[in-house]
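> Got a structure here, written out as structure tokens. Questions coming.
Numbering (the UniProt record's numbering), first residue to last: 1 to 82.
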């Protein structure tokens, strides 16, 4: 179970995402680890701000999860952040 917030320090304390591609970029690292260790993962918390950059980052991240669904069991949105 992993968490992924798309702000600068990955804490979820800012509504500013690093870039429109940061979700897929960060998930690629986690997916590589899952594959190398033959594990399955779930994204237990993820979130981004209410803006077009974060929206693109979230969509890209979810697309990346779907593309590697042999390793990802799903994802849960965190709705109590900034």
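Heads up, the beta-carbon is just placed ideally off N, CA and C, and yes, glycines get one too. The structure presented is a predicted model; accordingly, all values stated were derived computationally and were not measured.
Can you give the beta carbon distance from residue 30 to residue 77, rounded, assuming they're within the 8 Å contact cut?
No, residue 30 and residue 77 are not in contact; Cβ-Cβ is about 17 Å, not under 8 Å.
> Given a threshold of 16 other Cβ atoms within 10 Å of its Cβ, counted over all protein chains shown, does residue 18 qualify as buried or as exposed?
Label assigned to residue 18: buried.
> Determine the extent of the alpha helix (DSSP H) in which residue 33 is found, giving its start and end residues.
Note, residue 33: alpha helix (DSSP H), 22-37.
> Closest by CA to residue 134, which one among 9, 36, 27 and 33?
What the structure shows of the chain is the stretch from 1 to 82, and residue 134 is not part of that stretch, so it cannot be assessed.
> How many whole angstroms separate the CB atoms of residue 5 and residue 41, which I take to be in contact at a CB cut-off of 8 Å?
Actually they are not in contact, since the Cβ atoms of residue 5 and residue 41 sit about 16 Å apart, beyond 8 Å.
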